Amino acid sequence: MKYHIPESLAISDSGFLFFARTGETFTLNQIGKEIIRLMQEGLSLDSISTKLIETYDVDEITLQKDLHDFITQLQLHKLVEEQ
Amino acid sequence: MKIGVTGLNATDNPGPGVPVIRSLQEATHIKTELIGLIYDSLEPGIYMDNLAQKNYLIPYPSSGLENMFERIKYIHDKEHLDFIIPNLDSELFGFVKLKNRLNELGIKTFLPTFEQLMIRGKDKLFDFCTQHDIKVPKNILITSQNDLYSIPKHFTYPVVVKGIFYEAYIANNFEEVITGFNKLRVKWGFPIIIQEYIAGSEYNVVALGDGKGNTIGAVPMKKLYITDKGKGWAGVTINDSTLLELTHKIMQKTEWQSGLELEFMKSNETNEYYLLEINPRFPAWVHLATAAGQNLPEALIRLALSENIDPFTSYKIGTIFIRGSWDFITDMSVFEKITTMGEI
Amino acid sequence: MDLKKKYERPVITKNYSGLMNKMGSATLTPPKTEICSVPVKRLVEQYGSPLFVMSEAGIRQNQKNFLRIFKTRYPKVQFAWSYKTNYLSAVCSVFHSEGSWAEVVSEFEYDRARKLGIKGNQIIFNGPDKNRQSLKKAISENSKIHIDHFDELFDIIDITNELDISADVAIRVNMDTGVYPKWDRFGFNFENGEAWNAIKRIVAQKNLNLVGLHTHIGTYMMTADAYRIAAKKLASLFMDIKKEYDIQLEYIDLGGGFASHNTLIGQYLPAEELVPSIEQYADAITSGIYDVQMRPDEMPMLILETGRALVDNTGYLISSVIANKRLSDGRRAIIIDAGVNILFTGFWYKHKISVAQDSGYHTEEATIYGPLCMNIDCIRESIILPTLNRGDQLVIEYAGAYDVTQWMQFITLRPNIVMIMSDGSVELIRKAESLDYIMQQELIPEKFQKK
Chain A
1156 MKYHIPESLA ISDSGFLFFA RTGETFTLNQ IGKEIIRLMQ EGLSLDSIST
1206 KLIETYDVDE ITLQKDLHDF ITQLQLHKLV EEQ
Chain B
21 MKIGVTGLNA TDNPGPGVPV IRSLQEATHI KTELIGLIYD SLEPGIYMDN
71 LAQKNYLIPY PSSGLENMFE RIKYIHDKEH LDFIIPNLDS ELFGFVKLKN
121 RLNELGIKTF LPTFEQLMIR GKDKLFDFCT QHDIKVPKNI LITSQNDLYS
171 IPKHFTYPVV VKGIFYEAYI ANNFEEVITG FNKLRVKWGF PIIIQEYIAG
221 SEYNVVALGD GKGNTIGAVP MKKLYITDKG KGWAGVTIND STLLELTHKI
271 MQKTEWQSGL ELEFMKSNET NEYYLLEINP RFPAWVHLAT AAGQNLPEAL
321 IRLALSENID PFTSYKIGTI FIRGSWDFIT DMSVFEKITT MGEI
Chain C
-17 MDLKKKYERP VITKNYSGLM NKMGSATLTP PKTEICSVPV KRLVEQYGSP
33 LFVMSEAGIR QNQKNFLRIF KTRYPKVQFA WSYKTNYLSA VCSVFHSEGS
83 WAEVVSEFEY DRARKLGIKG NQIIFNGPDK NRQSLKKAIS ENSKIHIDHF
133 DELFDIIDIT NELDISADVA IRVNMDTGVY PKWDRFGFNF ENGEAWNAIK
183 RIVAQKNLNL VGLHTHIGTY MMTADAYRIA AKKLASLFMD IKKEYDIQLE
233 YIDLGGGFAS HNTLIGQYLP AEELVPSIEQ YADAITSGIY DVQMRPDEMP
283 MLILETGRAL VDNTGYLISS VIANKRLSDG RRAIIIDAGV NILFTGFWYK
333 HKISVAQDSG YHTEEATIYG PLCMNIDCIR ESIILPTLNR GDQLVIEYAG
383 AYDVTQWMQF ITLRPNIVMI MSDGSVELIR KAESLDYIMQ QELIPEKFQK
433 K
């Protein structure tokens, strides 16, 4: 599965997200920011989770659960579109 | 000296931080550097040029004393604060309790005592005034919706429905009382105060007490324009010896230590002054007093440093303030920095 | 082997003005990984979760501190431990070893105190419900009976005449101290003369010794001044009795009701900022007594029945995360294994809740629910917490007063309670309930019994 991040969405190194289309701002933690960046690069959800498991000390089930929750949040805020 | 100031929320319900800072910048006896202590990334004071040299987010009073102390310690490590002037009602209890610990860090304050804060509490003011023969509107405390049914026993409409910290509504009938009661209950909790409504015009005094019963300075003001939220949007210093005498009496009876604002209603009927409120900090119009010749925030700091200062005896009558709105333009990056880093 | 980065759940938070205060990236409260130097994780491994933890050192420190504060202001002070606040035998034992008497409000509590070896004359028997049997026992064991109403007074007169023994009695007095609500449902009223009427009747009885006066003006009192008024009224009544009947009472009892640092729901500011200090309460009470003229040798003993303020901060409830959830509007919800059935005070307090392990910097607003399949089972509507994983622990503080007496056995069994002893060791002081323990009280009619 792949998610599209709108172009008017800018995220800074500090994890501050400005969605220029709506004027809303958000704050993300380090890993949240990384996930958005990987989505912006066009990676699929599967490759994102593979990458995260390589980098972080986390088991697959926990990550899947948390990723699912995170994407639900992004959808709720209308920050991603499913492709 | 380096002074931390809270209440930079110069919004349509303005906190006194910005005018306190402006007064301190105009100080003539002490050299000041100002640090803003803020609760929200959108407090306008953050975005004003040449105001505070640095701003730090601090935790809300409702999150507890330890959090507040830890945060101030962190700020102190970086800034070496000499003094803090808290400017909001809801944070005063916390600062009074932290006073000694702040002092140990080398941060001075000049605050009312816990007992003084209790006297001026909206629920206690009535007793204080009747005890000292100061006119005050009748009031009762409400702790449940059931208590509201006793209103007709004590009052005729309209009545004023007041929150324990902030906000008041004028209610012309029972339904309006319920509406105000519900708004205040959700926001500020109990008790809620029902007060006699006195028709008249409002007069305010800003003053500074030395904690021994002396008034170091006092400037009375008549509001010239009042917003729909009841905030003075323009005002003028006036000459009224009765108001000043009342102020001296209140300062003497309370032995008030720190700045305060007295709110009076001059009754249309009797022409007498009724004390509506003692606000235990400088008001948002305190810069008017500075401009009229009494720099009370500066005097407060000098008092705290145990400097001997002569009380102010005069001020320029007919000095006017007009509050305006002014849009500050900045880039998203400023907002980003304060939001993510908590300091700027 | 590659060292992988520490994992934290990905989080996104929308910035709302007015709620935008997390102080940047700093966490709010430091994690509470230990209780009295014992790791929370170890406690849970050994005794399970949820788990109540009491601190012996905390209780002793509180009791010593209170006694010091009152003794430096008044010569004769006696504390009586309020059983209903926490009547675990181990907890009562700590208070008794610090010199406290027992203050009980039922036959059940009375018997508990006697089982712990407390002599009758060091038990204050309060409350509106003292049955004849318990009165007989208490009178013959010389305990101090605080009479609540006339019906009880007549019972006592009757019993003492029947058994031809004498009883040490005091009356509970209620009064206007300027606080609302008035607690006029307990005892005899001061202002309308009812209290004086009761005194007259007692004095006229040859078998009744009036030994004291008692009042208890309310609970969680936020104003110290009410105690000054109460102490003054009680002391003046004390002197009136002396003048009128030449009787020197042994004591006046100001009851309890001091607030702890637990914040009430509906209170905006935290309790620690608003609640008077113990010194302020003590100043108010003693200055109230001193307001009434009496010679030093006439001064009665001052009894205090402080409960909550002595024990609330010495109790903790450890709980574990069962699940993380999202509500329909996206809000975060955490389900923990402790519900309102065991944290009964959760109905009126916003307890201090800390995470028990190092966690990420990022915080998020959440609702904490208990494990009961009931809508009322909400531990906290809204709290800012770092991200938590399943099995992580939370420490709920200020759970020492009323929780382990008012808790309910509901749906599930009540957990272990341990005490961390002054030397750092851990002792089990109440075993977790078992199915057999609960069911042994039940009887099944024969026709339902399986053959």
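Residue numbers (our numbering), protein chains in the order written: chain A, 1156 to 1238; chain B, 21 to 364; chain C, -17 to 433. Built from N, CA and C at the ideal position, the CB exists for glycine as well. Since we're looking at a predicted model, the values are computed, not measured.
Apart from sequence neighbours up to five positions away, the residues of its chain that approach C/L33 with a beta-carbon distance below 7 Å are L25, V26, I300, P397, N398 and V400, ordered along the chain. For the stretch 249 to 268 of chain C, the beta-carbon criterion of a distance under 7 Å to any beta-carbon of chain B is satisfied by Q249, Y250, L251, P252, E254, E255 and L256. In the three-state reduction of the DSSP assignment, C/L98 falls in the coil class, being assigned neither a helical nor a strand state. It is roughly 26 Å from the alpha-carbon of C/A266 to the alpha-carbon of C/F107.
Of all residues in the stretch 1164 to 1193 of chain A, the ones placed with a Cβ closer than 9 Å to any Cβ belonging to chain C are S1169, G1170, F1171, L1172, E1179, T1180, F1181, T1182, L1183, N1184, Q1185, I1186, G1187, K1188, E1189, I1190 and I1191, in chain order. B/T350 does not reach chain A, its nearest Cβ partner there being about 14 Å away, counting only Cβ pairs nearer than 7 Å.
Only those residues of the stretch 81 to 110 of chain B whose C-beta falls short of 9 Å from the nearest C-beta of chain C are listed: P81, S82, S83, G84, L85, E86, N87, E90, R91, Y94 and S110. In chain order, N1184, Q1185 and I1186 make up the part of chain A whose C-beta sits under 8 Å from the C-beta of C/E(-10). Non-local C-beta neighbours of C/Q115 in its own chain, meaning closer than 8 Å and more than five positions away in sequence, comprise E89, ordered along the chain. Against A/V1235, chain C offers no close residue; the least beta-carbon distance is about 11 Å (beta-carbon pairs closer than 7 Å). Interface residue (Cβ-Cβ distance to chain C less than 8 Å): A/Y1158 is not classified as such. Along the length of the stretch 280 to 348 of chain C, whole alpha helix (DSSP H) runs at least 4 residues long occupy 290 to 293, reported in chain order.
The beta carbons of C/H128 and C/H196 sit closer together than 8 Å. Annotation: Cβ neighbours of A/D1212 in chain C (cutoff 7 Å, chain order): K(-14), K(-13), K(-12) and Y(-11). For the pair C/K14 and C/V386, the CB atoms are not nearer than the 8 Å cut-off. Straight through space, the alpha carbons of C/N143 and C/D93 are spaced by roughly 24 Å.
The beta-carbon of C/V(-7) is placed less than 8 Å from the nearest beta-carbon of chain A. Excluding residues up to 5 positions away in sequence, F220, L231, E232, Y233 and I234 lie with their Cβ nearer than 7 Å to the Cβ of C/P282 in the same chain. According to the DSSP assignment, B/W208 belongs to the alpha helix (DSSP H) that extends over F194 to W208.
Unbroken alpha helix (DSSP H) runs of no fewer than 4 residues, entirely contained in the stretch 1168 to 1230 of chain A, are found at 1185 to 1195 and 1200 to 1210, following chain order. By the 16-neighbour rule on beta-carbons within 10 angstroms, C/E134 is buried.
The beta-bridge partner set that DSSP reports for C/H128 consists of C/A152.
In chain order, S1167, S1169, F1171, F1173 and T1180 make up the part of chain A whose C-beta sits under 8 Å from the C-beta of B/E356. Non-local beta-carbon contacts of B/P81 in its own chain, meaning distances under 6 Å to residues more than five positions away in sequence, involve S110, E111 and G114 in chain order. C/G312 reaches chain A at Q1228 and L1231, counting residues in chain order whose Cβ is nearer than 7 Å. No Cβ of chain C is located within less than 8 Å of the beta carbon of A/D1201. Residue contact check for C/H333 against chain A: no CB pair falls below 8 Å. Fully contained in the stretch 194 to 256 of chain C are the following alpha helix (DSSP H) runs of length 4 or more, in chain order: 207 to 227 and 253 to 256.
A direct Cα-to-Cα measurement between C/T288 and C/T201 gives close to 10 Å. Secondary structure of C/V386 (DSSP, three-state): helix. If you compare the alpha carbons of A/D1212, A/I1226, A/L1234 and A/F1171 with that of C/P(-8), the shortest gap goes to A/I1226. Here B/D32 is near B/T247, since their CB atoms are less than 8 Å apart.
Straight across, the Cα-Cα distance linking A/L1207 with A/D1224 is about 16 Å. By the neighbour-count definition (other C-beta atoms within 10 Å, threshold 16), B/W305 is a buried residue.
Approximately 11 Å separates the beta-carbon atoms of C/N(-3) and A/F1174; this is outside 8 Å, ruling out the contact.
A distance below 8 Å separates the beta carbons of B/V256 and B/K242.
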